[in-house]
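Numbering (this note's numbering), first residue to last: 2 to 595. For every residue, glycine included, the Cβ atom is placed at its ideal position computed from N, Cα and C. Nothing here was measured: the structure is a model prediction, and the numbers come from that model.
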């Protein structure tokens, strides 16, 4: 036999043996089966490649051997993943040695197949073997052979594509409208991965990171909302394999409720190393240790899409969901203007007047004795549950609120606390407008919305209380002009708070407990979608919680929020969507900074 072939064959088999015994583990979990799978496969390789071919000189098995050699990289990749699928992790050194062995055996087996085991070269380089003459086979057997050839080609193609997806590029279909107008639903993009330092599955071994990302770069990255552990990586790898093997028919990449997992994500880098961010009224601000004042990030205006109604008609026709109408957007702008112009000092004086007005009405309804023992009500804030004190619930149920407060022994104390408790934690500088409440524009904005809501709701309660005292029929309340005006104004407040988590963001990273600014650390980014009203991104959690508009106010108005900003580590970036190749009429290079 050809001497070089024998040497290559022995090298390949030796590498397979070493790789196999490296997979041995005493842990009784999924990783336990990696060694036995590798041992069985390697045993067959030795039987056919060494015993049958080199010892017994049986040339009839060369096709079987060639096919097994072709599968060495794929079988050992599966073994590699299976070994890391157990409860316990593996060390970097162990992973590195395993990767080196996998690469070595893959290269040697590939060379062996291409140079020595192809149909023509095998007999040419080994003249002592005679090529068997083709025998007549039945039609049924031909069909079976043809089917197996197709299956073989398909399986090899799937594994080859997986390797390409891991290290070179991946085709990705845009699933949502979070990146309108850069990407639309159904856009197919090519994501180039090599420069982003791709890693072998479930390890930190791979190519080095060769690309530094900047603000404005669009990237594909692992969704940090899901745990970054071996189980999650195993699920991702397995689901990708099954997805391809079933011709996209089975998707295992789902959560515990069976819903498809939004992973990976496509977003734009909006915050970079060394910055602290805050967003208000759709404007992103940043500051650094060298520039301690927040200033607008002017580049963000180039790609942030706030009002899709203003897009060209041909592009707008391709968008499935316009998240906010022109009228609602105009109302939002009006609410923001009202907040900016709100006079805190004037309202502080008005609070006492409103309390006195309500006190007079309360006495009319309940009698003077009702205010004689107010000290007995030491917990008036418990009159309403926190979830009742949202803008929507308060104004939607304003009639019931008025009746409950008026008829409750603690009603006046609640109203008084609702209107004045906030003053206890507000400095004169905040009152006169020379300082921001909480020290930043975002906290100050919610503080103002809290006061604006109190002012409007107090006026509505006074109007309702007057109608109750006058015994005005409920059917006539809807025609009361003052109530109509108050409820219309409340609609602006509701619109504002409803879009707050998309339009605004607290200071991030948040300051230390001592108030010192904290900045985005090295090798980390903050990302958002371009379509800001329709993007669940790094501003948000997947859970909504009831939050106070003003933390120090015992009678604060509350709102449901999912704001919980987080960073994305550079190592989580999988690549850049470099080319939009489908549909043809949207063909072009992606990831532009406009």
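Nearest-angstrom Cβ-Cβ length linking residue i and residue j, presumed shorter than 8 Å
i: residue 427; j: residue 438; result: 7 Å
i: residue 606; j: residue 175; result: Coverage of the chain is limited to positions 2 through 595, which leaves residue 606 absent and any answer about it impossible.
i: residue 75; j: residue 106; result: At roughly 12 Å, the Cβ-Cβ gap does not stay under 8 Å, so residue 75 and residue 106 are not in contact.
i: residue 57; j: residue 576; result: About 49 Å; that fails the 8 Å criterion.
i: residue 192; j: residue 160; result: 19 Å between Cβ atoms; not a contact.
i: residue 421; j: residue 356; result: 7 Å
i: residue 65; j: residue 42; result: Contact doesn't hold; Cβ gap of about 13 Å is too wide.
i: residue 112; j: residue 9; result: 7 Å
i: residue 102; j: residue 20; result: 5 Å
With 16 other Cβ atoms within 10 Å as the buried cut-off, status of residue i
i: residue 541; result: buried
i: residue 28; result: exposed
i: residue 584; result: exposed
i: residue 290; result: exposed
i: residue 61; result: exposed
i: residue 1; result: For the chain, the structure presents residues 2 to 595; residue 1 sits outside this window and is missing.
i: residue 412; result: buried
i: residue 293; result: exposed
i: residue 1; result: Given that the chain is displayed from residue 2 to residue 595, the structure contains no residue 1 and the question cannot be resolved.
i: residue 259; result: exposed
i: residue 281; result: buried
i: residue 571; result: buried
Residue i, DSSP secondary structure in three states
i: residue 552; result: coil
i: residue 296; result: strand
i: residue 615; result: Outside the shown range of the chain, which is 2 to 595, sits residue 615, and nothing can be said about it.
i: residue 321; result: coil
i: residue 525; result: strand
i: residue 306; result: strand
i: residue 175; result: coil
i: residue 193; result: strand
i: residue 403; result: helix
i: residue 364; result: helix
i: residue 227; result: coil
i: residue 261; result: strand
i: residue 574; result: strand
i: residue 391; result: strand
Beta-carbon spacing of residue i, residue j below 8 Å
i: residue 390; j: residue 559; result: yes
i: residue 573; j: residue 200; result: no
i: residue 271; j: residue 507; result: no
i: residue 547; j: residue 494; result: no
i: residue 325; j: residue 534; result: yes
i: residue 384; j: residue 466; result: no
i: residue 231; j: residue 90; result: yes
i: residue 446; j: residue 545; result: no
i: residue 234; j: residue 497; result: no
i: residue 3; j: residue 166; result: no
i: residue 392; j: residue 480; result: no
Same chain, Cβ closer than 7 Å to residue i, neighbours up to 5 away in sequence not counted
i: residue 239; result: 253
i: residue 34; result: 83
i: residue 484; result: 461, 464 and 478
i: residue 513; result: 519
i: residue 433; result: 346
i: residue 38; result: 80 and 83
i: residue 553; result: 426
i: residue 24; result: 35, 36, 39, 80 and 84
Chain-order list of residues whose beta-carbon lies under 8 Å from that of residue i (same chain, five-residue window excluded)
i: residue 321; result: 178 and 186
i: residue 296; result: 286, 287 and 288
i: residue 350; result: none
i: residue 400; result: 465, 475 and 478
i: residue 388; result: 394, 547 and 559
Neighbourhood of residue i by C-beta, 6 Å cutoff - its chain only, sequence neighbours within 5 removed
i: residue 47; result: 14
i: residue 581; result: 188, 190, 587, 589 and 591
i: residue 452; result: 348
i: residue 310; result: 327
i: residue 274; result: 521 and 523
i: residue 431; result: 438
i: residue 555; result: 382 and 422
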